[in-house]
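Student: Here the sequence shown is numbered in the working numbering, starting from 36 and rising by one per residue. Structure in structure tokens, see below.
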Amino acid sequence: MPPVENLRPVIAGQTTSPQIYRSANPSGSSEVISDLRIHTVIDLRSTREVRKDKHLAAFENGLAEAGARRHHVDLTLGMHMRVAKSLRMQDLAACLGYALTCQLKRAEIELIRRSPLGRSGGLEWLYLSFLENQERRKSELRHLFEILADAKAYPVLIHCSAGKDRTGLVVALLLRLAGVGDDDILDDYELSNKGLESMRTLIATETRRVGMSEELGECKREAMRKAMDWIDSNYGSVEVFLESIGVGRQTQAAVVACCVASRQ
């Protein structure tokens, strides 16, 4: 089986027995579960991505055999509506025109291409969209931290499709909560550029195909820094931000305890 792309321990400073990992989609390489003794997989992909995954059934069988569990946490809920609301009226009308003439794929591509995702700064816009308090995404993010607060869930593997954006943002929140400095967080985030080197051409091609700006195919340090700055400007700290989405201080402390334990 092929290796899992962009796979590495999460917590900065881990040298032995890591308890939290991050990666691109691991479903084509189920042996990673037994190799790393994973107990919990947190899948951040959209429902649409999950449904298209032809390896997922076999992967879940492997999880069951290993006594592990997969949780689906969809951080893209409501994202299409947010994209549509970002369009100018004439651009939205053009997209509707394609849809009404049964050019649904073209309509979807144009929706993205004409939105902030299709322009410079699209990566920053994407990260802020994940963070803003849209009710359904808030619930999903809260559920994720509740999973991470359970010591019995570990070792944990967190992934999305490429393991750089949704996974990168979740890991940044987790590391900040654990007291890791922003420079170390950003260094870890940028490691995905190297971790995805073998997929660079494929990612660039897919990014262009769906109408996104080419910058969404890479990890941009400044984009993640602005996401962290947004938390500071609006909430003052990651702890207060997490409280705003329903992750209480007791749950936060439990997550930190698991993270600290995984660094010893």
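All C-beta atoms in this analysis are idealised placements derived from N, C-alpha and C, irrespective of residue type, glycine included.
(1) May I have the straight-line CA-CA distance separating Tyr133 from Glu241, to the nearest angstrom?
(2) Which runs of the alpha helix (DSSP H) fall wholly inside the segment 61-100 and span at least 4 residues, in chain order?
(3) Which first and last residues belong to the alpha helix (DSSP H) in which Tyr189 is found?
(4) Go ahead and pull the three-state DSSP assignment for Ile238.
(5) Kindly give me the distance between the Cβ atoms of Leu152 and Leu251, rounded to whole angstroms, as I take these residues to be in contact under 8 angstroms.
(6) How many Å lie between Met263 and Thr136 at the Cα?
(7) Taking only three categories from DSSP, how would you classify Arg149?
(8) Note down the Cα distance separating Trp160 from Met114, rounded to an integer number of angstroms.
(9) Is it a yes or a no for the segment 258-277 touching the segment 198-215, going by three-plus beta-carbon pairs under 8 angstroms?
(10) Less than 6 angstroms separating the Cβ of Pro190 from some heavy atom of the ligand NAD?
(11) On a Cα-Cα basis, can you pick out the residue from Lys199, Ser196, Tyr189 that is closest to Gly102?
(12) To which residues of the same chain is Arg201 closer than 6 angstroms at the C-beta, ignoring the five residues directly before and after it?
(13) To the nearest angstrom, how far is the alpha carbon of Tyr56 from that of Ser272?
Tutor: Looking at the atomic coordinates:
(1) One Cα belongs to Tyr133, the other to Glu241, and the distance between them is close to 21 angstroms.
(2) Along the segment 61-100, the alpha helix (DSSP H) occurs as fully enclosed runs of 4 or more residues at 66-71, 82-86, listed in sequence order.
(3) Per DSSP, Tyr189 lies in no alpha helix (DSSP H) segment and is marked neither H nor E.
(4) Here Ile238 sits in helix by DSSP.
(5) The pair is a contact, with the Cβ atoms about 7 angstroms apart (cut-off 8 angstroms).
(6) Answer to the nearest angstrom: the Cα atoms are 42 angstroms apart.
(7) Of the three classes helix, strand and coil, the one that applies to Arg149 here is coil, per DSSP.
(8) Taking the Cα positions, Trp160 is about 11 angstroms away from Met114.
(9) Contact between the segment 258-277 and the segment 198-215 is established, with three or more Cβ pairs separated by less than 8 angstroms.
(10) No copy of the ligand NAD occurs in the structure displayed, which carries no ligand at all.
(11) If we check each option's Cα against that of Gly102, Tyr189 comes out closest.
(12) Closer than 6 angstroms at the Cβ level, and outside the excluded window around Arg201, lie Leu79, Leu110, Cys195.
(13) Taking the straight line from one Cα to the other gives about 24 angstroms.
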